[in-house]
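Chemist:
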Amino acid sequence: MAAPLSVTTKNLGGVFVTNKQLSDSTDELLRLQGVPWYKRNIAKMFNITLSINHYTDDSGVEHIDMEQKLSATITPLTGRSATVNDSVFGLLHVKTHRLSLESIEEEFLKAGWTEDTVTDGVIHTVISNDPEKPDDSYTWKSEQTWGFQLVNGERKHVRLVSLTSSSKKDGPQHVRIRVVYDYCKSHSSS
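Take the sequence shown: its position 129, counted from the start at 1, is 129 in the numbering used here, and no numbers get skipped.
Written as structure tokens, this is what we have:
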């Protein structure tokens, strides 16, 4: 289902489900993050459902609280780095804020946004794994932009992901993907 015009990067609350037919494959991205083959194949069988609560707290700090199938994240849009413990990747360093497209260097992350996303700014997230983890053969950094795009004529929540990974075995590699989400309902819907 298309996202209504009332759902924007400044009002992102609602429930969204990945649309695998419209999204790029995540297999190479997950491989470069060190996710084993069997887990990547299990992941192909499931859609990710995001339940997003978007609000500004009493101090004026914007937050995006997101529940996923296997994990939940609370993301203040402060631009300050935070450490989170993810059920799949372990310790991660996460930095999220709202940015204008002019502030983003990589062209892939700037392309295709709707006018309201350009006006309001994208949600920009940088995530990296813990390079100090001795048993991790992969170090990676993911830069993401979140917003809305027209996909096959419908307004969809989209996340553009650019990931650079360096494995002890293969050396540095880079992958870019687009993940498209269908809008399901607002939190006020039953």
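In this text, a Cβ means the ideal position worked out from N, Cα and C, and glycines have one as well. As the structure is a prediction and not an experimental result, all values here were calculated from the model.
Sort N152, F89, G147 and H174 by Cα distance to Q21 and report the nearest one.
Modeler: Cα-wise, what sits closest to Q21 is N152.
Chemist: Leaving out the 5 sequence neighbours to the left and right, which residues in its chain are closer than 8 Å to L101 when beta-carbon positions are compared?
Modeler: So the qualifying residues of the chain are K110, W113, V118, G121 and V122.
Chemist: For W37, count neighbouring Cβ atoms within 10 angstroms of its own Cβ and tell me buried if that reaches 16, exposed if not.
Modeler: The residue in question, W37, is exposed, as its Cβ has fewer than 16 Cβ neighbours within 10 Å.
Chemist: So, using beta-carbon positions, are T125 and Q144 closer together than 8 Å?
Modeler: Contact flag set, yes.
Chemist: Helix, strand or coil for R178? Go by DSSP, reduced to three states.
Modeler: R178 falls in the strand class under three-state DSSP.
Chemist: Please list the segments of the alpha helix (DSSP H) lying wholly inside the segment 92-140, counting only runs of 4 or more residues, in order along the chain.
Modeler: Listed in chain order, the complete alpha helix (DSSP H) runs (minimum 4 residues) inside the segment 92-140 are 115-120.
Chemist: Which residue wins for smallest C-alpha separation from E115, given the options V15, Q149 and S162?
Modeler: Answer by Cα proximity: Q149.
Chemist: For G138, count neighbouring Cβ atoms within 10 angstroms of its own Cβ and tell me buried if that reaches 16, exposed if not.
Modeler: It is Tyr, not Gly, that sits at residue 138 in the sequence shown. Burial call: buried.
Chemist: Using the Cβ count rule (16 or more neighbours within 10 Å means buried), how would you classify Y183?
Modeler: Buried, by the Cβ-count rule.
Chemist: Have a look at T9, S59, L91 and A2 and flag the residue whose alpha-carbon is nearest the alpha-carbon of W146.
Modeler: W146 has its Cα closest to that of T9, out of T9, S59, L91 and A2.
Chemist: Can you tell me the Cα-Cα spacing of V84 and V94, whole angstroms?
Modeler: For V84 and V94, the distance between alpha carbons rounds to 7 Å.
Chemist: How would you label K156, buried or exposed, when you count the other beta carbons within 10 angstroms and need 16 or more for buried?
Modeler: The residue is buried, with at least 16 neighbouring Cβ atoms inside 10 Å.
Chemist: Quick one: any contact between the segment 53-61 and the segment 26-44, if contact means 3 or more CB pairs under 8 Å?
Modeler: Because the criterion of three Cβ pairs below 8 Å is not met, the segment 53-61 and the segment 26-44 do not touch.
Chemist: Within the segment 3-69, note down every full beta strand (DSSP E) run reaching 3 residues or more, in order along the chain.
Modeler: Counting whole runs of 3 or more residues, the segment 3-69 contains the beta strand (DSSP E) stretches 14-18, 49-56 and 62-67.
Chemist: How far does the beta strand (DSSP E) with V88 in it extend, from its first residue to its last?
Modeler: Careful: V88 lies outside any beta strand (DSSP E) and carries neither H nor E.
Chemist: Below 8 Å on the Cβ atoms is my guess for I177 versus V158; work out the distance and round it to an integer in Å.
Modeler: Incorrect: roughly 11 Å between the Cβ atoms, too far for contact.
Chemist: Of all the options A2, F89, K44 and S23, which has the alpha carbon lying nearest to the alpha carbon of G34?
Modeler: Comparing Cα positions, the closest option is F89.
Chemist: Taking just the CA atoms, how far does S142 sit from V200?
Modeler: Absent from the model: residue 200. The displayed extent of the chain is 1 to 190, so no value can be given.
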